[in-house]
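K.L.:
First the structure, which I've put down as structure tokens, then a few questions once you've had a look.
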Amino acid sequence: MESNCLQSTIANVQAKFEDVRQLLDDHEKLRTECEPYKIKYQAIEILQSLKTDLINVLTNMPEEEKEEVIIMLGVVHLKLGLLHTDTEELKAGEEQFMKCIKLLKNKELEPKVILSILSALNQLGIIWSRWNQPMKAKSFLDQAEKLYNDFMNTNNPCRYPINIVQNFGIEQVNDELNPKEIMEKIHTLTLYYLAQVYSSLKDHYQSAIYCHMTLRRQLGHNDIMQDLDYIDWALNAATLSQYFIENDGFPQAKHHLAAASYILQIYENMLKQKTEDNGEDEALVAEWENFKHRSADVARCWAKYGILLMSLSKQRLLQKNESKQDNNQIDNKDFSKLKIIDDLRFNILEKEIEAIANQITDKYLLDFADARLVFLNAQKWLEQAKTYYTLENHASDHILIVQSISQAYKYLSFFEENEARQAKMHKKRIDILENVIKELNPRYYESACRQIWVELGETYSDILDIKLDRLRSSDEKPTPQALTKINHLAKSSIKNFQAFLDSLQIHNSNSGPEQFSNELVQPALFSYFHLGRLYNKIITPDKTIQLENMQNSYNAYKFVIDYWKKYPNAADVMGVELNLCKELVNLLPMKINMLREGIINK
Numbered sequence: 116m117e118s119n120c121l122q123s124t125i126a127n128v129q130a131k132f133e134d135v136r137q138l139l140d141d142h143e144k145l146r147t148e149c150e151p152y153k154i155k156y157q158a159i160e161i162l163q164s165l166k167t168d169l170i171n172v173l174t175n176m177p178e179e180e181k182e183e184v185i186i187m188l189g190v191v192h193l194k195l196g197l198l199h200t201d202t203e204e205l206k207a208g209e210e211q212f213m214k215c216i217k218l219l220k221n222k223e224l225e226p227k228v229i230l231s232i233l234s235a236l237n238q239l240g241i242i243w244s245r246w247n248q249p250m251k252a253k254s255f256l257d258q259a260e261k262l263y264n265d266f267m268n269t270n271n272p273c274r275y276p277i278n279i280v281q282n283f284g285i286e287q288v289n290d291e292l293n294p295k296e297i298m299e300k301i302h303t304l305t306l307y308y309l310a311q312v313y314s315s316l317k318d319h320y321q322s323a324i325y326c327h328m329t330l331r332r333q334l335g336h337n338d339i340m341q342d343l344d345y346i347d348w349a350l351n352a353a354t355l356s357q358y359f360i361e362n363d364g365f366p367q368a369k370h371h372l373a374a375a376s377y378i379l380q381i382y383e384n385m386l387k388q389k390t391e392d393n394g395e396d397e398a399l400v401a402e403w404e405n406f407k408h409r410s411a412d413v414a415r416c417w418a419k420y421g422i423l424l425m426s427l428s429k430q431r432l433l434q435k436n437e438s439k440q441d442n443n444q445i446d447n448k449d450f451s452k453l454k455i456i457d458d459l460r461f462n463i464l465e466k467e468i469e470a471i472a473n474q475i476t477d478k479y480l481l482d483f484a485d486a487r488l489v490f491l492n493a494q495k496w497l498e499q500a501k502t503y504y505t506l507e508n509h510a511s512d513h514i515l516i517v518q519s520i521s522q523a524y525k526y527l528s529f530f531e532e533n534e535a536r537q538a539k540m541h542k543k544r545i546d547i548l549e550n551v552i553k554e555l556n557p558r559y560y561e562s563a564c565r566q567i568w569v570e571l572g573e574t575y576s577d578i579l580d581i582k583l584d585r586l587r588s589s590d591e592k593p594t595p596q597a598l599t600k601i602n603h604l605a606k607s608s609i610k611n612f613q614a615f616l617d618s619l620q621i622h623n624s625n626s627g628p629e630q631f632s633n634e635l636v637q638p639a640l641f642s643y644f645h646l647g648r649l650y651n652k653i654i655t656p657d658k659t660i661q662l663e664n665m666q667n668s669y670n671a672y673k674f675v676i677d678y679w680k681k682y683p684n685a686a687d688v689m690g691v692e693l694n695l696c697k698e699l700v701n702l703l704p705m706k707i708n709m710l711r712e713g714i715i716n717k
């Protein structure tokens, strides 16, 4: 009689569990906007009833027969935890997951239990992350990673996880993932969550490793077309490349960018086929728009790769020249750690992405020929990005792309030995920047205009220095045209630095200038320093104008000194330029007085 009653209760438990499954399968169809969680609350009620039934069964069972019922009860706690977290009841969810883990303790590596435990540990990791407790979250995720590895490394080759529902005697539906695939997906999520946790802990190196592991697993082992969010994957791979390039990991960065571009190519071909087969409906138009958007983002990541490679190559050459060190002795941040990780690659894609990766080097640049190839690629990617990020529709991004094009020319000019061609590159920068700033209203794009004014001031000054160096190295008397050009460059540079300073609306009082914000102190003081230099570069036979320019030069240098006296920390951003300002503030008054007396006595 007791046996029949027990079997009846178990049958009732299985039926209730099937009811919960059916209810949740129909959740999207049955839920309403007014009561979005109604179906889930109903499922919670059934599971609570089911839990009571199982506890009653356990009290009447011999100890040696309890294991299967305990496993079922553990699954019920897991399901309750998932539903509570879905309804934003995190504390209740956490309690259920902990009960699941406690109940199944010492059974974790059993095929019937492994999926439940891994799921519960993952969910606890998520909950504690949401509670801003990354170390606590990490402890649960570390357990999940270890359990997965222990299960996979057991000596028994026949070990195979069992689907959670099979613990209730429910057969798996044909179109459902098999238990092994479910476990692999759960483990991929573990790695993904660990990447987020390490990022929260500011351990960006470990975060990058786990991001890569996640991406690699998402590709699968055989068919990368299966169950992959192409856009999301490509964007994540390209984003990860940015960490690598910022730590001098160009080989890893190039590999990830090439993989991102390849996955986007596959997705583009799929969209073309869809368009050919069905025409462009509203959903497909949206897919194309998303593809163009994210393709532009990946192109910008490629461009950043090229520009940063040029920039760091310049730094290394300057550093090597100054210190006479071998390249290998130059600090590479934490790239040394990346070098020893040989597995940061997508082996399944190696052949497919080879042609994409080979379009640009991952070695440091040594001369103009090297730099030109990188520049041309960066320019191509930025132009591609501009086709999506237009000035009309995406002004802020368009401005950043234009500034990146200017930077690419700037770094290329470093590798160019011919001064005339250097000047042409700087002139190209000026044309690019002036074309965009004339379209901008400084009231709405204040920050961008300020950046461009400073860059234009510096670029005009760079061309001026090239022209003056050429004059000094020549024995010939400068022509009127040459002098006019020099004065035009100096005045154009002054005009842009002054436009930047005017936008700051600087107020002086008896106690000295107001303090600049942290992000403005360096460009502001350097703009004054440049003004001091530039007014002295203007060539004129008119003594009165000379006096006016010299006074303007003195005023600019004096502003820097006054600011430094009031805010001594300014010395940290000025460096050797501050000493020059000190010298000139002492020297220029004597020159001004001599020039003024000469004008008076004339």
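Residue numbers 116 to 717, in the working numbering, belong to the letters of the sequence shown in order.
A virtual CB, placed ideally from N, CA and C, is assigned to each residue, including glycine.
In whole angstroms, what is the alpha-carbon distance linking residue 355 and residue 329?
P.N.:
Translated into positions along the sequence shown, residue 355 becomes position 240. Translated into positions along the sequence shown, residue 329 becomes position 214. Between residue 355 and residue 329, the C-alpha separation is close to 11 Å.
K.L.:
Under 9 Å between the Cβ atoms of residue 379 and residue 426?
P.N.:
Looking up residue 379 in the sequence shown gives position 264. Looking up residue 426 in the sequence shown gives position 311. Cβ distance not < 9 Å, so residue 379 and residue 426 don't count as in contact.
K.L.:
Can you tell me whether residue 628 is helix, strand or coil according to DSSP?
P.N.:
Working through the sequence shown from its first residue, we reach residue 628 at position 513. Of the three classes helix, strand and coil, the one that applies to residue 628 here is strand, per DSSP.
K.L.:
Is it true that the CB of residue 227 sits closer than 9 Å to the CB of residue 301?
P.N.:
Counting from one through the sequence shown, the residue named residue 301 turns up at place 186. Counting from one through the sequence shown, the residue named residue 227 turns up at place 112. No, Cβ-Cβ distance for residue 301 and residue 227 is not below 9 Å.
K.L.:
Give me, in chain order, the residues of the same chain whose beta-carbon lies closer than 7 Å to that of residue 190; leave out the 5 immediate sequence neighbours on both sides.
P.N.:
Walking along the sequence shown from the start, residue 190 turns up at place 75. Cβ within range, chain order: 231, 279, 282.
K.L.:
Straight-line CA distance for residue 313 to residue 545?
P.N.:
The residue you call residue 313 lines up with position 198 of the sequence shown. The residue you call residue 545 lines up with position 430 of the sequence shown. Approximately 43 Å between the Cα atoms of the pair.
K.L.:
Taking one C-beta from the region 552-567 and one from the region 508-521 each time, how about it: are there three or more such pairs within less than 8 Å?
P.N.:
With the cut-off at 8 Å, the region 552-567 and the region 508-521 touch.
K.L.:
Quick check on the DSSP output: the alpha helix (DSSP H) that includes residue 471 runs from which residue to which?
P.N.:
As a first step, residue 471 is located in the sequence shown; it is residue number 356 there, counting from the start. 465-472 is the span of the alpha helix (DSSP H), which, as asked, contains residue 471.
K.L.:
Taking just the CA atoms, how far does residue 607 sit from residue 557?
P.N.:
One-based indexing of the sequence shown puts residue 557 at position 442. One-based indexing of the sequence shown puts residue 607 at position 492. C-alpha separation (whole angstroms): 18 Å.
K.L.:
Which residue comes first and which comes last in the alpha helix (DSSP H) that contains residue 305?
P.N.:
Looking up residue 305 in the sequence shown gives position 190. 294-315 is the span of the alpha helix (DSSP H), which, as asked, contains residue 305.
K.L.:
Expressed to the nearest angstrom, what Euclidean distance is found between the alpha-carbon atoms of residue 611 and residue 414?
P.N.:
Sequence index remark: in the sequence shown, residue 611 carries index 496 (1-based). Sequence index remark: in the sequence shown, residue 414 carries index 299 (1-based). Distance between the alpha carbons of residue 611 and residue 414 is about 31 Å.
K.L.:
List the endpoints of the continuous alpha helix (DSSP H) containing residue 410.
P.N.:
Reading the sequence shown from its first residue, position 295 is the one you call residue 410. Looking at the DSSP string, the run of the alpha helix (DSSP H) that includes residue 410 is 397-438.
K.L.:
One question on the structure: do residue 641 and residue 698 come within less than 9 Å of each other, judged by their Cβ atoms?
P.N.:
Within the sequence shown, numbered from 1, the residue matching residue 641 stands at position 526. Within the sequence shown, numbered from 1, the residue matching residue 698 stands at position 583. Taking 9 Å as the Cβ cut-off, residue 641 and residue 698 do not qualify as a contacting pair.
K.L.:
Does the region 386-401 come into contact with the region 470-482, if we say contact requires no fewer than three beta-carbon pairs (one atom in each stretch) closer than 8 Å?
P.N.:
In short, these stretches do not touch, since the Cβ pair count stays below three.
K.L.:
To the nearest angstrom, report how far apart residue 789 and residue 403 are at their CA atoms.
P.N.:
Not covered by the structure: residue 789. The range shown for the chain is 116 to 717.
K.L.:
Look up residue 536 in the DSSP assignment and say whether it is helix, strand or coil.
P.N.:
Counted from its first residue, the sequence shown places residue 536 at position 421. DSSP places residue 536 in helix when its eight states are reduced to three.
K.L.:
Please report how far the alpha carbon of residue 712 lies from the alpha carbon of residue 688, in whole angstroms.
P.N.:
One-based indexing of the sequence shown puts residue 712 at position 597. One-based indexing of the sequence shown puts residue 688 at position 573. So the two alpha carbons sit approximately 37 Å from each other.
K.L.:
So, with DSSP's three-state summary, where would you put residue 520?
P.N.:
In the sequence shown, counting from the first residue as 1, residue 520 sits at position 405. In the structure shown, residue 520 sits in a helix (DSSP, three-state: H, G or I).
K.L.:
Taking only the alpha-carbon atoms, compute the straight-line gap between residue 579 and residue 533 and give it to the nearest angstrom.
P.N.:
Against the sequence shown, residue 579 aligns to sequence position 464. Against the sequence shown, residue 533 aligns to sequence position 418. Taking the straight line from one Cα to the other gives about 15 Å.
K.L.:
Mark residue 714 as exposed unless 16 or more other C-beta atoms lie within 10 angstroms of its C-beta, in which case mark it buried.
P.N.:
If you number the sequence shown from 1, residue 714 lands on position 599. Residue 714 should be labelled exposed.
K.L.:
In whole angstroms, what separates the C-alpha of residue 274 from that of residue 263?
P.N.:
Mapped onto the sequence shown, residue 274 falls at position 159. Mapped onto the sequence shown, residue 263 falls at position 148. Each residue's Cα considered, the two are about 12 Å apart.
K.L.:
Measuring alpha carbon to alpha carbon, tell me which of 547, 196, 494, 128 ends up nearest residue 475.
P.N.:
Working through the sequence shown from its first residue, we reach residue 475 at position 360. Here the closest residue by C-alpha is 494.
K.L.:
Give the single residue among 124, 462, 217 whose Cα lies nearest to the Cα of residue 173.
P.N.:
Locating residue 173 in the sequence shown gives position 58, counting from the first residue. Answer by Cα proximity: 124.
K.L.:
According to DSSP, is residue 704 part of a helix, a strand, or is it coil?
P.N.:
The residue labelled residue 704 in the question sits at position 589 within the sequence shown. Looking at residue 704 - three-state DSSP - the assignment turns out to be helix.
K.L.:
Spell out a yes or no on whether the region 486-504 and the region 431-440 are touching, meaning 3 or more CB-CB pairs, one atom from each, closer than 8 Å.
P.N.:
Contact between the region 486-504 and the region 431-440 is absent, because fewer than three Cβ pairs lie under 8 Å.
K.L.:
Restricting to Cα atoms, I'd like to know which of 252, 247, 248 is closest to residue 239.
P.N.:
Here residue 239 refers to the residue found at position 124 of the sequence shown. It is 252.
K.L.:
Could you tell me the distance, in whole angstroms, from the CA atom of residue 550 to the CA atom of residue 521?
P.N.:
Taking the sequence shown and counting its residues from 1, one reaches residue 550 at position 435. Taking the sequence shown and counting its residues from 1, one reaches residue 521 at position 406. So the alpha carbons of these two residues sit roughly 12 Å apart.
K.L.:
What is the DSSP secondary structure of residue 253, reduced to helix, strand or coil?
P.N.:
The sequence position of residue 253 within the sequence shown is 138, counting from 1. In this structure, residue 253 counts as helix in the three-state DSSP scheme.
K.L.:
So, do the region 386-397 and the region 459-466 have three or more beta carbon pairs nearer to each other than 8 Å?
P.N.:
With the cut-off at 8 Å, the region 386-397 and the region 459-466 do not touch.
K.L.:
How would you write the range of the alpha helix (DSSP H) that residue 154 sits in, first residue to last?
P.N.:
Counting from one through the sequence shown, the residue named residue 154 turns up at place 39. Where residue 154 is concerned, the enclosing alpha helix (DSSP H) stretches over 153-174.
K.L.:
Apart from the five residues on each side of it in sequence, which residues of its chain come closer than 7 Å, Cβ to Cβ, to residue 352?
P.N.:
As a first step, residue 352 must be located in the sequence shown, where it is residue number 237. Cβ within range, chain order: 330, 371, 374, 375.
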